[in-house]
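Read left to right, the sequence shown gives residues -19 to -1, 1 to 368 (mature numbering (1 follows the signal peptide of the UniProt record, and there is no 0)).
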Amino acid sequence: MLKLALAAAATIASIQVSATTYPLSDSFSGTSFFDGFRFPVETYDNTTNGDVFWATADNTSLLYVNDNNRVIIKVDNESDVVYLQKRYAPKLLSQKTWDIGTVWVMDAVHMPYGCSVWPAFWTQGPNWPAGGEIDISEGINLRSNNMVALHTTGGTCTISNSSSMSGSITYDNCDISQNSDSGCTVNDTNTDSYGAGFAAAGGGVFVAEWATDGIRVWFLTRDAVPDSLGVSASSIDTSSLGEPVALYSSETCDVQNLFGPQTLTIDITLCGDFAGNADLLAETCGALVGDNTCYTTYVVNNQASNLAQAYYEINYINVYSSSNSSSSNASTTSTATDGVATSATSGSGSTASASASGNGSSSGAGRVEAVLGGLLGALLFGLAMIL
């Protein structure tokens, strides 16, 4: 009896420890991609001081689906911008938010890069910067390495060197009051994780997991993407992804209380506090000449050549979640679908949004965990009585 109880307890404990599989919540690709996103309320970049106006439904040349059924999100590189004006660029926010117990996946073949260019694929909590921020993919100018970061307010959130991650730590304190709000930043050592190298290698897949034991981010090069990971995958097992680029353990970061329901965000700004910093710009684009600034050099006038690579080309974005707390973002702004162009030959090729059924799957996962937890508790109690 004792052996049987111990074996059963060990089995259930093993199931709980390896419970890293998440069911599909939402999928965005093809012509239905933009159904899941909305435009920001603000008309310009007032958070990072970028020199852009945010695109709207009228900017159909910046948001569309190409002949390969891939989503294009790009900066305007065709207009001659006069001095003191800004250039149009995209910012999309998800219609839904997701709570702890969520994995975000983006498969892209091209990411924006170029002098002054600052793209980010990230999530943000309510009332940003409160509610936390997870920077999954971010780069500037002509750099070749992706950056991962968390930004928090109050509480305790740091990152420590870990043998369980491959990235290199730049700053270890995530609080926005530290290091000029750089966040706790990890640089991917893979030079194909951003920029020209990323595009030349056929892109790759970014995965971010927000779990009770921590936040992890992976980058998978195109040749390392497993067959089980794709737009049609109904679930994801993060334990099969190998070593993450960044690991923010709950032992040093309160990921449960410092992060609220997260809104997925995709944007491209120009110059601003980061990409427009003269010293950082000089690293890959050369020093500014005379009294010129990032704005006068790379934003105004004709920038067709410099901004030719300032676009996302996305195969799909999938969101997997075992959380029961996913909800819609209340917004009075138009959805990103309004006015979005599609190429004449592109089909939808899209996995239908699972927003209607995702929570049902999540609830099932939650019930399974609850049942397993109850069984384990009962078995341990029985063992205590026997011993």
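A virtual CB, placed ideally from N, CA and C, is assigned to each residue, including glycine.
Three-pair Cβ contact test at 8 Å for the segment 231 to 240 versus the segment 257 to 275: The segment 231 to 240 vs the segment 257 to 275: no contact.
Spatial neighbours of valine 206 in its chain, beta-carbon cut-off 6 Å, leaving aside the 5 residues before and after: The answer, listed in chain order, is Val186.
CB-CB length for threonine 2 against arginine 124, believed under 8 Å: Not confirmed; about 34 Å, so no contact.
In DSSP terms, what glycine 195 is bridged to: Looking at the DSSP output, glycine 195 shares a beta bridge with Ala192 and Ser230.
For phenylalanine 179, the first and last residue of its enclosing alpha helix (DSSP H): Here the alpha helix (DSSP H) through phenylalanine 179 covers 176 to 181.
Touching by the beta-carbon criterion (3+ pairs, under 8 Å), the segment 70 to 84 and the segment 169 to 178: Cβ pair count under 8 Å is below three, so no.
Sufficient close CB pairs (3 or more, under 8 Å) joining the segment 51 to 61 to the segment 279 to 296: Contact between the segment 51 to 61 and the segment 279 to 296 is established, with three or more Cβ pairs separated by less than 8 Å.
For glutamate 294, three-class secondary structure by DSSP: Secondary structure at glutamate 294: strand, using DSSP grouped into helix, strand and coil.
Residues near valine 98 in its chain [Cβ-Cβ closer than 6 Å; skip 5 each side]: Taking C-beta separations shorter than 6 Å and ignoring five residues to either side along the sequence, the partners of valine 98 in its chain run Ala291, following chain order.
Nearest residue (CA-CA) to lysine 67, options Ala268, Leu251 and Tyr301: Closest by alpha carbon: Leu251.
Identity of the residues DSSP links to tryptophan 85 by a beta bridge: Paired residue(s): Ala189 and Val300.
Inter-residue CB distance, threonine 139 and asparagine 154 (contact presumed, cutoff 8 Å): Indeed they touch by this definition, with Cβ atoms about 5 Å apart.
Separation of leucine 269 from alanine 263, as counted between CA atoms: Whole-angstrom Cα-Cα distance: 7 Å.
Contact belief for aspartate 169 with asparagine 127 at Cβ below 8 Å, rounded distance in angstroms: Their Cβ separation, rounded to whole angstroms, is 4 Å, which keeps aspartate 169 and asparagine 127 in contact under 8 Å.
Under the three-state DSSP convention, the category arginine 203 falls into: Three-state result, arginine 203: helix.
Serine 8 (DSSP reduced to helix, strand or coil): Looking at serine 8 - three-state DSSP - the assignment turns out to be strand.
Chain-order list of residues whose beta-carbon lies under 8 Å from that of serine 163 (same chain, five-residue window excluded): Excluding positions up to five away in sequence, the list reads Ala130, Thr151 and Tyr152.
Candidates Gly120, Gly223 and Ala38: closest to threonine 316 by CA position: Distances from the CA of threonine 316 to each of Gly120, Gly223 and Ala38 were compared; the closest alpha carbon is that of Ala38.
Spatially closest choice to methionine 146 from Ile249, Glu119, Ala101 and Ile196, by CA coordinates: Taking each of Ile249, Glu119, Ala101 and Ile196 in turn and checking the Cα distance to methionine 146, the smallest one comes out for Ile196.
Within 8 Å, strictly: CB atoms of proline 93 and valine 56: Cβ distance < 8 Å, so proline 93 and valine 56 count as in contact.
8 Å Cβ cutoff met for glutamine 105 and glutamate 119: No, these two residues do not count as a Cβ contact at 8 Å.
Minimum C-alpha distance to glutamine 159 - residue among Asn58, Thr137, Gly31 and Thr12: The residue from Asn58, Thr137, Gly31 and Thr12 with its alpha-carbon nearest to that of glutamine 159 is Thr137.
Between the CA atoms of aspartate 248 and serine 309 - distance to the nearest angstrom: Each residue's Cα considered, the two are about 20 Å apart.
For threonine 250, three-class secondary structure by DSSP: The answer is strand: DSSP assigns threonine 250 an E or B state.
Three-way DSSP call (helix, strand, coil) for threonine 277 in this model: Helix.
Selection from Lys72, Asn282 and Val198 that minimises the alpha carbon distance to glutamate 224: Out of Lys72, Asn282 and Val198, Val198 has the C-alpha closest to the C-alpha of glutamate 224.
Buried or exposed (CB count within 10 angstroms, at least 16 for buried), proline 242: Buried, by the Cβ-count rule.
Phenylalanine 20, DSSP secondary structure in three states: In the structure shown, phenylalanine 20 sits in coil (DSSP, three-state: anything other than H, G, I, E or B).
Whole-number beta carbon distance between proline 107 and threonine 134, since they are thought to touch under 8 Å: Contact doesn't hold; Cβ gap of about 12 Å is too wide.
Span separating the alpha-carbon of aspartate 7 from that of glycine 267: Their Cα atoms are separated by approximately 42 Å.
From Glu190, Tyr45, Cys165 and Gly253, residue whose alpha carbon lies closest to that of aspartate 80: Aspartate 80 has its Cα closest to that of Glu190, out of Glu190, Tyr45, Cys165 and Gly253.
Beta-bridge pairing of methionine 128 - partner residues as DSSP gives them: Under the DSSP definition of a beta bridge, methionine 128 partners with Glu119 and Asn168.
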